[in-house]
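Residue numbers (my numbering): 1237 to 1495.
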Amino acid sequence: DGTDMEISCWGLRNILDACIDPYLNIFTRDNTNDGGGWNVRFSHIMQSAEYGYPSWYKNFHSEIFPTLKDYGGGSGCGGMFYHDTRWPKPYSHAVYTCDWGRSAVFLHTPPANGPTFDAHQETFLTISRPTDIDVDASGRMYVASWHGGKFAYSGPNVGYVVQLVPKGFEPKPFPDVTKLSEGDLFELLIGPSQQQNLHAQFEFLRRGPSAQRTAKLMELAQDKGIPLAGRVAAIFTLKQLNGNRSQDDLLKLAAHNEV
1237 DGTDMEISCW
1247 GLRNILDACI
1257 DPYLNIFTRD
1267 NTNDGGGWNV
1277 RFSHIMQSAE
1287 YGYPSWYKNF
1297 HSEIFPTLKD
1307 YGGGSGCGGM
1317 FYHDTRWPKP
1327 YSHAVYTCDW
1337 GRSAVFLHTP
1347 PANGPTFDAH
1357 QETFLTISRP
1367 TDIDVDASGR
1377 MYVASWHGGK
1387 FAYSGPNVGY
1397 VVQLVPKGFE
1407 PKPFPDVTKL
1417 SEGDLFELLI
1427 GPSQQQNLHA
1437 QFEFLRRGPS
1447 AQRTAKLMEL
1457 AQDKGIPLAG
1467 RVAAIFTLKQ
1477 LNGNRSQDDL
1487 LKLAAHNEV
């Protein structure tokens, strides 16, 4: 219903997905197609930034926040940030974007540069008219194709979905989180997959706050032996679980530079 929604930035066009990493860095692929071509821009989204569409991006570059890269013609569609350390590098921590106009899914692993990133793009998958991409918590990736589709109804035999997994990787069924013990749920919260982390977080929020959960989340958030993404997931869960009552704990965690 729009409750608590707020504007993050301005000046982007035709955004079909926001790709968010475990640390809340946001990337997206937009399309300024009413300028000199169907140009696709890949951007790191900074809060309160103005990216220039529709009035400034063509002639007033010095007055807008720059995109990471203008890749020229294309038609950006769905995208996601994928974090799953069960996959091999560089595919395990990357932005994936679908471009219907180029019939390709692109992989982006932008290197950090101060408070932002440098551009990077390479072709991950060549596929007819990809429109969206997603993953499940077992580690399987899915890409939807609009193959054979047109701008009017083309009949029932249009499009398909492909499933991708790395060679040698054997996905295991994801458990019903509502039936897991607290210990197993905490293991998922700090586990290798961003999808697993998220499902565990949702289940903790469903179960509600308790002193024992708060203590365990604080323990995980401060444990330097846990991957940073897992520690951050514990912090996010702590805040959402306890609301304003988490402030004192969050101030303690602020003393840890790595988080």
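Glycine included, each C-beta is placed from N, C-alpha and C at the ideal position.
Quantities reported herein were computed from a predicted structural model and do not represent experimental measurements.
Sheet register partners of Y1396 (DSSP bridge)
As a first step, residue 1396 is located in the sequence shown; it is residue number 160 there, counting from the start. Under DSSP, Y1396 shares a beta bridge with S1381.
Using 8 angstroms as the threshold, is the region 1239 to 1250 in touch with the region 1285 to 1301, meaning 3 or more CB pairs across them?
yes
Collapsed DSSP secondary structure at L1260 in the structure displayed:
The residue given as residue 1260 occupies position 24 in the sequence shown. L1260: coil per DSSP, three-state reduction.
If you draw a straight line from the C-alpha of G1461 to the C-alpha of V1379, how long is it?
One-based indexing of the sequence shown puts residue 1461 at position 225. One-based indexing of the sequence shown puts residue 1379 at position 143. In a straight line, the C-alpha of G1461 is about 35 angstroms away from that of V1379.
Neighbour-count burial assignment, P1347, 16 or more Cβ in a 10 Å radius:
Taking the first residue of the sequence shown as position 1, residue 1347 is located at position 111. Using a 10 angstroms sphere on the CB of P1347, the tally of other CB atoms stays under 16, which defines it as exposed.
Could you tell me the boundaries of the beta strand (DSSP E) in which K1305 lies?
As a position in the sequence shown, residue 1305 is number 69, starting the count at 1. 1305 to 1309 is the span of the beta strand (DSSP E), which, as asked, contains K1305.
Starting from I1471 and walking both ways along the alpha helix (DSSP H), at which residues does that stretch end?
The residue you call residue 1471 lines up with position 235 of the sequence shown. Here the alpha helix (DSSP H) through I1471 covers 1464 to 1478.
Is the region 1384 to 1393 close to the region 1310 to 1320, with three or more CB pairs under 8 angstroms?
Short answer: they don't touch.
Quick one: Cα of V1276 to Cα of S1311, how far?
Residue mapping note: residue 1276 aligns to position 40 of the sequence shown, counting from 1. Residue mapping note: residue 1311 aligns to position 75 of the sequence shown, counting from 1. Whole-angstrom Cα-Cα distance: 7 angstroms.
Do three or more CB pairs link the region 1257 to 1269 to the region 1280 to 1291 at distances below 8 angstroms?
yes
Report the partner residues of D1266 according to the DSSP bridge assignment.
Counted from its first residue, the sequence shown places residue 1266 at position 30. DSSP, once it has assigned bridges, lists R1277 as partnering D1266.
Given a cut-off of 8 angstroms on the beta-carbon distance, is the pair L1421 and F1440 in contact?
Translated into positions along the sequence shown, residue 1421 becomes position 185. Translated into positions along the sequence shown, residue 1440 becomes position 204. It is a contact, given that the beta carbons lie within the stated cut-off.
Look at the alpha carbon of A1457 and the alpha carbon of Y1327, and state the distance between them as a whole number of angstroms.
As a first step, residue 1457 is located in the sequence shown; it is residue number 221 there, counting from the start. As a first step, residue 1327 is located in the sequence shown; it is residue number 91 there, counting from the start. Rounded to whole angstroms, A1457 to Y1327 spans 26 angstroms at the Cα level.
Alpha carbon of T1367 to alpha carbon of G1314, nearest angstrom:
As a working mapping, residue 1367 is identified with position 131 in the sequence shown. As a working mapping, residue 1314 is identified with position 78 in the sequence shown. Cα-Cα distance, rounded: 6 angstroms.
In its own chain, which residues sit with a C-beta less than 6 angstroms from the C-beta of S1364, not counting the 5 before and 5 after it?
Start at 1 with the first residue of the sequence shown, and residue 1364 comes out as number 128. If we look at S1364 and ignore the five residues flanking it on each side, its Cβ neighbours are S1339, S1381, H1383.
So what's E1418 in DSSP terms, helix, strand or just coil?
The residue given as residue 1418 occupies position 182 in the sequence shown. Three-state result, E1418: helix.
Following the continuous alpha helix (DSSP H) through L1441, name the residue where it begins and the one where it ends.
The residue labelled residue 1441 in the question sits at position 205 within the sequence shown. Element bounds for L1441: 1430 to 1443.
Would DSSP call D1412 helix, strand or coil?
Against the sequence shown, residue 1412 aligns to sequence position 176. When secondary structure is reduced to three states using DSSP, D1412 falls in the coil class, being assigned neither helix nor strand.
Compute the distance between the beta-carbons of I1369 and V1397, then report whether it is under 8 angstroms.
Sequence index remark: in the sequence shown, residue 1369 carries index 133 (1-based). Sequence index remark: in the sequence shown, residue 1397 carries index 161 (1-based). Taking 8 angstroms as the Cβ cut-off, I1369 and V1397 do not qualify as a contacting pair.
Pick helix, strand or coil for H1356, following the three-state DSSP scheme.
If you number the sequence shown from 1, residue 1356 lands on position 120. Correct three-state label for H1356: coil.
Taking 8 angstroms as the cut-off, decide whether the C-beta atoms of P1463 and P1402 are in contact.
Working through the sequence shown from its first residue, we reach residue 1463 at position 227. Working through the sequence shown from its first residue, we reach residue 1402 at position 166. Contact flag unset, no.
What is the rounded straight-line gap between the Cα of R1443 and the Cα of N1478?
Taking the first residue of the sequence shown as position 1, residue 1443 is located at position 207. Taking the first residue of the sequence shown as position 1, residue 1478 is located at position 242. Across the structure, R1443 and N1478 are spaced so that their CA atoms are roughly 12 angstroms apart.
For A1330, the residue or residues it bridges with in DSSP
For the purposes of this step, residue 1330 is taken as residue 94 along the sequence shown, with counting starting at 1. In the DSSP output, where bridge partners are listed per residue, A1330 has Y1318.
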